[in-house]
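Residue numbers (this note's numbering): 76 to 170.
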């Protein structure tokens, strides 16, 4: 049996950002996908929405992510980045 990127090549296509190593898909649905990845020695979750920046759904999501990012609590994952190209939300995966 090969690595995750060998067994799921469509999901783990070559990334433009070589700093992330995809490990496993955590979920997928009509809103987007979530992948567990590793950057350096830390785990991160990469949420890729199905809608584009500039849409009403993106504006609502961006407001929610910024609100969550302002919270410092052990039960809330840290928001590491809100990317627009390609659209993605990157969360701390070590919690």
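Ideal placement from N, C-alpha and C gives every residue a C-beta, glycine not left out.
Asked	Found
Euclidean distance between Cα positions of residue 168 and residue 114	10 Å
At least 3 beta-carbon pairs within less than 8 Å: the region 121-139 vs the region 148-168	yes
Residue 95 versus residue 112: straight-line alpha-carbon distance, rounded	6 Å
Of the residues 149, 154, 150, the one placed nearest residue 137, counting alpha carbons only	154
Terminal residues of the beta strand (DSSP E) in which residue 112 lies	107-114
Best match in 146, 97, 107, 131 for proximity to residue 116 [C-alpha to C-alpha]	97
Residue 141 versus residue 133: straight-line alpha-carbon distance, rounded	12 Å
Short CB-CB distance (under 8 Å) between residue 131 and chain B	Looking at the structure shown, chain B is missing, and only one protein chain is on hand.
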